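If you're matching them up, the sequences are chains A and B in order.
So for the first sequence, our numbering puts the first residue at 48; every next one is plus one.
So for the second sequence, our numbering puts the first residue at 60; every next one is plus one.
Yeah, the Cβ is synthetic: ideal placement off N, Cα and C, and Gly gets one too.
These figures come from a predicted structure and were not determined experimentally.
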Amino acid sequence: MNLAIHGLVQRFADPRSGTQATVLDRLDLVTGDIQALVLVGPSGGGKSTLLRILAGLDVPTAGTVAFDGEPLPRDEKGLIGYRRTVGTVFQAYNLFPHLTAMQNLLLPLVHVHGLAEAEARERVREPLERFGLASHAHKRPAELSGGQKQRVAILRALVVRPRRLFLDEPTSALDPEMTGEVLDMIGELKATGTQFVLVTHEMGFARRVADEVAFIADGGCPALATPAEFFSCHEPRVVSFLERVQRE
Amino acid sequence: MPRWLAHLIVIALLAAACGWAFASLDMTWNWGVVWEYRQAFWKGWWMTLGLALAALLASSLIGLAAAVMLRSRFAIVEAFARVYVELIRGTPLLVQLLVGWYVVAAALHVGTEYRAAVGVLVLALFSGAYMAEIFRGGLDAIPKAQIDSARAVGLTRWQAFRLVVLPQAVRIVLPAVAGQLVSLIKDSSLLSVLSIGEFTFAARNVNSATYSTLESYLPLAAGYLALTLPLSALSRWLERRFRYEAA
Numbered sequence: 048m049n050l051a052i053h054g055l056v057q058r059f060a061d062p063r064s065g066t067q068a069t070v071l072d073r074l075d076l077v078t079g080d081i082q083a084l085v086l087v088g089p090s091g092g093g094k095s096t097l098l099r100i101l102a103g104l105d106v107p108t109a110g111t112v113a114f115d116g117e118p119l120p121r122d123e124k125g126l127i128g129y130r131r132t133v134g135t136v137f138q139a140y141n142l143f144p145h146l147t148a149m150q151n152l153l154l155p156l157v158h159v160h161g162l163a164e165a166e167a168r169e170r171v172r173e174p175l176e177r178f179g180l181a182s183h184a185h186k187r188p189a190e191l192s193g194g195q196k197q198r199v200a201i202l203r204a205l206v207v208r209p210r211r212l213f214l215d216e217p218t219s220a221l222d223p224e225m226t227g228e229v230l231d232m233i234g235e236l237k238a239t240g241t242q243f244v245l246v247t248h249e250m251g252f253a254r255r256v257a258d259e260v261a262f263i264a265d266g267g268c269p270a271l272a273t274p275a276e277f278f279s280c281h282e283p284r285v286v287s288f289l290e291r292v293q294r295e
Numbered sequence: 060m061p062r063w064l065a066h067l068i069v070i071a072l073l074a075a076a077c078g079w080a081f082a083s084l085d086m087t088w089n090w091g092v093v094w095e096y097r098q099a100f101w102k103g104w105w106m107t108l109g110l111a112l113a114a115l116l117a118s119s120l121i122g123l124a125a126a127v128m129l130r131s132r133f134a135i136v137e138a139f140a141r142v143y144v145e146l147i148r149g150t151p152l153l154v155q156l157l158v159g160w161y162v163v164a165a166a167l168h169v170g171t172e173y174r175a176a177v178g179v180l181v182l183a184l185f186s187g188a189y190m191a192e193i194f195r196g197g198l199d200a201i202p203k204a205q206i207d208s209a210r211a212v213g214l215t216r217w218q219a220f221r222l223v224v225l226p227q228a229v230r231i232v233l234p235a236v237a238g239q240l241v242s243l244i245k246d247s248s249l250l251s252v253l254s255i256g257e258f259t260f261a262a263r264n265v266n267s268a269t270y271s272t273l274e275s276y277l278p279l280a281a282g283y284l285a286l287t288l289p290l291s292a293l294s295r296w297l298e299r300r301f302r303y304e305a306a
């Protein structure tokens, strides 16, 4: 994928103070032709806001975003169509709690992509096996561990055969062991050629999986580089961020 | 102490107290005369059940629609629902029934054969105002993350409401709705003021024919309890049944 962002602005009205908060401030970012882009940076710097725009969930106040030269739609109808071609996984609460893991996987296939139920079951059978979730398919989210929930959520995004995935801190609500099982799954996606944009605080994993790392801070993107360059760069904000993260 | 035993003890104490109260009154019971009218009670009891079920169905639809309107982005839509809910909840059902029948239905030239239908409609509007607040609470309880997830998998707004929000909200509100049905059944006794032949109307008629007041009204209490106690039990069971899903 080739991501090109120019002059991206996102402002939100703060209902309490009545003022406008500028979360993204004329952000520019142009990647090479890559498979995996990882967004890192301090909390509140605009990573998640950017990812929501990329995933077609929010419309930016100004600016343009294009994947492979194709600009994102700005109208709700166009955005629904766009969201159907990509997959998005949030930090938590992805799954619908009134449905079993299997029903969660089937819902988009049947109601969004028009598959017959039998066809949809056939489609999810092999991936459930591959990611070790087949024996949990009948359970509701409340009966799954945090790691299992996130893996089912990733699978749900994956089985509709999206052009790319957007992952917003998929492990930050998990303990270290479960973080490992989810990162392993994302690592496997990388190995099998799935394109994705990932927001994460796991610097070691970012270094391993990213083709390019974008540093998002103060509503802009002061650094975009390959992992090797990024983790040895001298941009002051990046240096202080990495020092802070490594101390934790 | 097991729960059932505790319940049994309380019921026994209550029965003893009632027995003592009635014994000290030195009443002459006249159950024989009232027994003659058992068919009237029976018919009235079924009528009450039917009226309450019809009103429940209608009030659920009214309540859901009003709840959605209460959450509307459009101020005028929200205002309609808010005025309806506050007006209905702030006035006695008795007044609503009298106005509904003697003013609104009369103005629309509704025939007396539609008495029961008008009664059910007013009862449904009354109960619907309470249902609206119950449903609004249920809809508000669905986290925004669920709507994000629904949009992210490509559902339309309507699909997200129908497939994700509504099924979860219904599970949350079911115990409260069952509780509301208990109130609805008792409130339906006021339909007797419109001479609708339900359970309370039957008891009133028996009383005026036999002058045996307690013998007419005690079976009434028993008949209502026979409807409301199972509902209360159902409400508690539903509450336990759906608790696990809050994850």
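Check	Outcome
Euclidean distance between Cα positions of B:Val-179 and B:Tyr-189	16 angstroms
Nearest-angstrom Cα separation, counted from B:Tyr-283 out to B:Trp-63	22 angstroms
Exposed unless 16 or more other CB atoms sit within 10 angstroms - verdict on A:Asp-222	exposed
Continuous alpha helix (DSSP H) assignments of at least 4 residues falling wholly in the stretch 124 to 155 of chain B	134 to 148
Where A:Phe-252 falls: helix, strand or coil (DSSP)	helix
Reduced DSSP category for A:Ile-201 - H, G, I as helix; E, B as strand; rest coil	helix
Proximal chain A residues relative to B:Asp-207, where beta-carbon distance stays under 7 angstroms	Leu-104, Phe-137
Test item: CB-CB of A:Leu-76 and A:Cys-268 under 8 angstroms	yes
Where B:Trp-104 falls, given that 16 or more other Cβ within 10 Å makes a residue buried	buried
Neighbourhood of A:Gln-197 by C-beta distance below 6 angstroms, restricted to the same chain and skipping five residues each side	Pro-217, Val-229
C-beta neighbour in chain B for A:His-248, strict 8 angstroms	no
Whether B:Leu-198 touches B:Ala-99 by CB criterion (8 angstroms)	no
Paired residues, beta bridge with B:Asn-89 - DSSP	Paired residue(s): none; B:Asn-89 is not in a bridge.
Separation of A:Leu-97 from B:Leu-290, as counted between CA atoms	51 angstroms
Whole-angstrom distance between A:Pro-188 and A:Leu-299, CA atom to CA atom	Given that chain A is displayed from residue 48 to residue 295, the structure contains no residue 299 of chain A and the question cannot be resolved.
Alpha carbon of A:Ala-200 to alpha carbon of B:Thr-287, nearest angstrom	43 angstroms
Bounding residues of the alpha helix (DSSP H) (the contiguous stretch that carries B:Pro-234)	225 to 246
Through-space distance from B:Leu-156 to B:Gln-239, alpha-carbon basis	19 angstroms
A:Leu-55 to B:Ile-244 span [Cα, whole Å]	59 angstroms
Same chain, Cβ closer than 7 angstroms to B:Leu-297, five either side skipped, listed in chain order	Leu-233, Pro-234, Ala-237
Minimum C-alpha distance to B:Phe-194 - residue among B:Leu-129, B:Leu-110, B:Glu-95, B:Val-69	B:Leu-129
A:Thr-226 versus A:Thr-247, A:Arg-121, A:Glu-166, residue with shortest Cα-Cα distance	A:Thr-247
Contacts of A:Asp-155 in chain B (Cβ-Cβ under 7 angstroms)	Residue identity differs from the one stated: residue 155 of chain A is Pro in this sequence, not Asp. Per Cβ cutoff of 7 angstroms: Val-212, Gly-213.
Backbone CA spacing between A:Gln-67 and A:Arg-73 [nearest angstrom]	15 angstroms
Whether A:Arg-130 touches B:Ala-211 by CB criterion (8 angstroms)	yes
Proximity below 8 angstroms, CB of A:Thr-111 to CB of A:Pro-120	no
A:Ala-83 beta carbon less than 8 angstroms from that of A:Phe-243	yes
For A:Ile-52, the residue or residues it bridges with in DSSP	A:Leu-76, A:Val-112
Contacting positions in the stretch 271 to 286 of chain A - beta carbon closer than 8 angstroms to chain B	none
Integer-rounded CB distance, given that A:Leu-205 should sit under 8 angstroms from A:Ala-148	A:Ala-148 to A:Leu-205, Cβ: 14 angstroms. No contact.
For A:Thr-241, the three-state DSSP class (helix, strand or coil)	coil
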